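Participant: So for the sequence shown, the working numbering puts the first residue at 18; every next one is plus one.
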Amino acid sequence: MMAARIENTPIDQLKQFDMAEELLDAKDIVEYLNIVMEEGDAGELAHALGVCARANEGVRMQIGSCLNV
18 MMAARIENTP IDQLKQFDMA EELLDAKDIV EYLNIVMEEG DAGELAHALG
68 VCARANEGVR MQIGSCLNV
């Protein structure tokens with residue numbers, strides 16, 4: 018798939034990036050937390066835990082929707 022070109026796109030038309038949408042399973046979540054913990058910044062870790070909680074909820078919802086087929 019070809020990457021979207023954003024060079025001339027107004028900033029208000031760019032999609033908002035949400036790390037939680039990129040964490041697709043438990044392995045992704047663990048890898049993300051490990052990277053954040055290596056930085057040693059407590060504030061970033063607190064933020065990352067919130068991101069992971071949202072990601073985990075999304076993963077659980079996907080699993081639940083598959084089970085309700």
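Every residue gets a Cβ at the ideal spot worked out from N, C-alpha and C, and that includes glycine. Owing to the predicted nature of the structure, the values given are computational and were not obtained by experimental measurement.
Taking C-beta to C-beta, are Leu50 and Ala65 nearer than 8 Å?
Facilitator: Result yes, Cβ atoms of Leu50 and Ala65 sit closer than 8 Å.
Participant: Just mark Ile46 as buried or exposed, buried being the case when its beta carbon has 16 or more other beta carbons within 10 Å.
Facilitator: With 16 or more other Cβ atoms within 10 Å, it is buried.
Participant: Do Val53 and Glu61 have their C-beta atoms closer together than 8 Å?
Facilitator: Result yes, Cβ atoms of Val53 and Glu61 sit closer than 8 Å.
Participant: Name the two residues that bound the continuous alpha helix (DSSP H) containing Asn51.
Facilitator: Segment 43-56, the alpha helix (DSSP H) holding Asn51.
Participant: Going by DSSP in three states, Glu25 sits in which element: helix, strand or coil?
Facilitator: Per the sequence shown, residue 25 should be read as Asn rather than Glu. Note: Asn25 maps to coil in three-state DSSP.
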